[in-house]
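In this text, residue positions in the sequence shown follow the numbering used here: the first is 6, and each later residue adds one.
Backbone N, C-alpha and C fix where the C-beta goes; we use that ideal spot for every residue, glycine too.
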Amino acid sequence: MLDVNQVRNDFPIFRKKDGDFIYLDSASTSQKPESVIESISSYYNSYAANIHRALYEIGEKATDRYESVREKVKRFINVPDSHVVIFTRSTTESINLIAYAWGTKKLAKDDQILITEMEHHSNIVPWQLLSSRSNASLNYIPIKKDGTLELEELKKNISSKTKLVSVSHQSNVFGTINPINDIIDEAKKIGAVTVIDGAQAVPHMKVDIKELDCDFYAFSGHKMLGPTGVGVLVARKNILEEMDPFMGGGEMINTVNMNESTWNEVPWKFEAGTPNIAQVIGLGSSIDYIEKIGIDMIHQHEQELLHYGLEILSQNEDITLYGKAKKRGAVIPFNVKNIHPHDLAKFLDTDGICIRAGHHCAQPIMNKLGISATARASFYLYNTKEDIESLAESIKKTVGIFN
């Protein structure tokens, strides 16, 4: 069983605010343990230097620390080769990289891009832009009101014209864990490239890239106890080698003259300029921390919180819960009768409770549900059942104020 008190003691924000701070918005971003913060500070305090260039001691140390994180990512999500681990700024940038560097070259009129209505805007807008540039069509797998995909529609929509299928591993709104293996298998039948948005999955459950056998997989550091400004894209090496660079500049080149340039090897071909060195090092520390506790232990703890939260909140007749997937992460979207989610969030904040309120960068889902917004509580390894009880009590108090 996870020792939540010990976990919370590892986080400076909980040590400082314990008793009046309940953070239930980890689907947006996570809090950071002291070890992650210290690893970032250590870089700036002790060996701040550029990487891949300096021949002096602190430069070589910075390079070693930065490059070692590729190996940590490889181990953490079972990537076949650390050389297909690309550091980006975010999941958003990773998906845009695919859309530009792969999609612009590979897609043309009469081709099809297939995504779902469940996606975060970061897995919709890049494909809309690609569709506009390439004249490829953009089609959607619909969702049911229970927060699951219409998988029969996948089989109806996918065809030989489908060149790319992109889907979230876990929904940031419903928490639905999608049947990724089945979707990848369907895409393989017609030779389509698969892109998986793993931003909500990697922090919370075991992900095995070899077992998934997808073409691209993207996630972010800040949702998994790491810093902002760092994301990861992993992909098949042969696909990466065929792709043009996403950005031009230093480090991503092999040779440059006044007429042309040649490119560096993968992954450095896609890492132009000075990268977010400290943030990548911080990501490595967040992986260390998660591995020390155990991702399966974290997932089990979150599932207990999820089921407890659903049980407690469902007892309040003023609360409407959304999403009924059997397999789901620790995310609960809800609304309270006669109270706008923004108002609810502000009132909960007076009790020190942090939730998300809005469309969650997923307006197509809100349109499907016939609403403009929801409140959302999301849990992580540092949350407790007492946090959920406090949430329920604060909602009751807010209902009393409004009524």
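- DSSP lists V90, Y222 as the beta-bridge partner residues of V239.
- Apart from sequence neighbours up to five positions away, the residues of its chain that approach G231 with a beta-carbon distance below 7 Å are V41, G287, L288, S291, ordered along the chain.
- In the three-state DSSP reduction, Y105 falls in the helix class (H, G or I).
- Assignment of D15 by DSSP, reduced to helix, strand and coil, places it in the coil class.
- Per DSSP, A67 lies in no beta strand (DSSP E) segment; the continuous alpha helix (DSSP H) that holds it begins and ends at 62-82.
- The C-alpha of I360 lies about 8 Å from the C-alpha of L353.
- Taking the CA atoms as reference points, S33 sits about 39 Å from L60.
- The alpha-carbon of I376 is positioned some 23 Å away from that of Q133.
- The continuous beta strand (DSSP E) containing I118 extends over residues 117-121.
- Separation of P17 and S139 (C-alpha to C-alpha, rounded to the nearest whole angstrom) is 48 Å.
- Here T199 is buried, its C-beta having at least 16 other C-beta atoms within 10 Å.
- In the DSSP assignment, the residues bridged to L143 are I118.
- For N259, the enclosing beta strand (DSSP E) starts and ends at 258-261.
- Taking a cut-off of 8 Å for Cβ pairs, the region 236-248 and the region 86-105 touch, as three or more such pairs fall below it.
- The C-beta distance from T153 to A367 rounds to 15 Å, too long to meet the 8 Å contact threshold.
- Classified as buried, A380 has 16 or more neighbouring CB atoms from the shown chains inside 10 Å of its CB.
- Residues H227 of the same chain have their beta carbon placed closer than 6 Å to that of T233, with the five preceding and five following residues left out of the count.
- By the neighbour-count criterion, in which 16 or more other beta carbons inside 10 Å mark a residue as buried, T121 falls on the buried side.
- Counting only the Cα atoms, F275 lies some 25 Å from I189.
- For L119 against T167, the beta-carbon gap comes to about 5 Å, under 8 Å, which counts as contact.
- When the beta-carbon positions are compared, A223 and T96 come within less than 8 Å of each other.
- Counted as a single uninterrupted DSSP element, the beta strand (DSSP E) harbouring F339 occupies residues 336-341.
- Using a Cβ distance threshold of 8 Å, T181 and G328 count as a contacting pair.
- Take the alpha-carbon of G357 and the one of F26: they are about 5 Å apart.
- Assignment of beta-bridge partners to I358 by DSSP yields I27.
- Judged by DSSP in its simplified three-state form, Q205 adopts coil rather than helix or strand.
- DSSP, read as helix, strand or coil, puts I195 in coil.
- In the DSSP assignment, the residues bridged to G363 are T379.
- Put simply, the region 311-322 touches the region 394-404. At least three CB pairs are less than 8 Å apart.
- Residue burial annotation: Y49 is exposed, with fewer than 16 other C-beta atoms found within 10 angstroms of its C-beta.
- In this structure A67 touches I56 by the C-beta definition: roughly 5 Å separates them, less than 8 Å.
- Taking a C-beta distance under 8 Å as the contact criterion, I146 and H209 do not qualify as a contact pair.
- In the displayed model, T181 falls within a strand according to three-state DSSP.
- By the neighbour-count definition (other C-beta atoms within 10 Å, threshold 16), G203 is a buried residue.
- In this chain, the beta strand (DSSP E) harbouring K168 covers 167-173.
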